[in-house]
Amino acid sequence: MEFVVGIIVGASAAALLMILIGPSRRVRREPPLPREVATRLLLGQDPEEPTIPPAPRVDHPRQYSANELAALQRLGQEQQQQQRRRKR
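Under the numbering used here, think of the first position of the sequence shown as 857, with each following residue one higher.
In C-alpha cells, the structure reads:
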C-alpha cells in the first residue's frame, strides 16, 4: 500500500513540475509584447483598436475687467501677508 502511495505522490510531483516548467520555457522564447500593447491589455482595451486622440481643446483666455484684475491683485497681496504672518 505504501508503495502505491509513493508512486502516486511521485507521479503527482512529476506532473506538477511538467505543468510549471514546460510552458514557461516556451513562453520565455516568445518575443516580449510592445509596451503599448501590454498597457492596453492591462487597461482592458482592445490592442487592435486604433487610439483616437481627443479633440484639441480651444481655450481662449477671457478678458478681465479692471475691477476684476484689482480684486485678484488684492487677493494675492492678502495671501502673501498671511504667509508672512505664519512664518513669524
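Glycine included, each C-beta is placed from N, C-alpha and C at the ideal position.
Because the structure is a prediction, the values reported are computed rather than measured.
- In this structure, the beta-carbon distance from P906 to R896 does not fall below 8 angstroms.
- Its chain contains no residue whose beta carbon lies nearer than 6 angstroms to that of G932 once the 5 sequence neighbours on both sides are disregarded.
- Per the coordinates, the alpha-carbon of P909 lies some 15 angstroms from the alpha-carbon of Q901.
- Sequence-distant Cβ neighbours of R941 in its own chain, meaning closer than 6 angstroms and more than five residues away, do not exist here.
- Straight through space, the alpha carbons of V893 and I864 are spaced by roughly 43 angstroms.
- Annotation for Q936: the continuous alpha helix (DSSP H) segment containing it runs A922 to K943.
- Put simply, of R884, L899 and R885 the residue whose alpha carbon is nearest the alpha carbon of R891 is L899.
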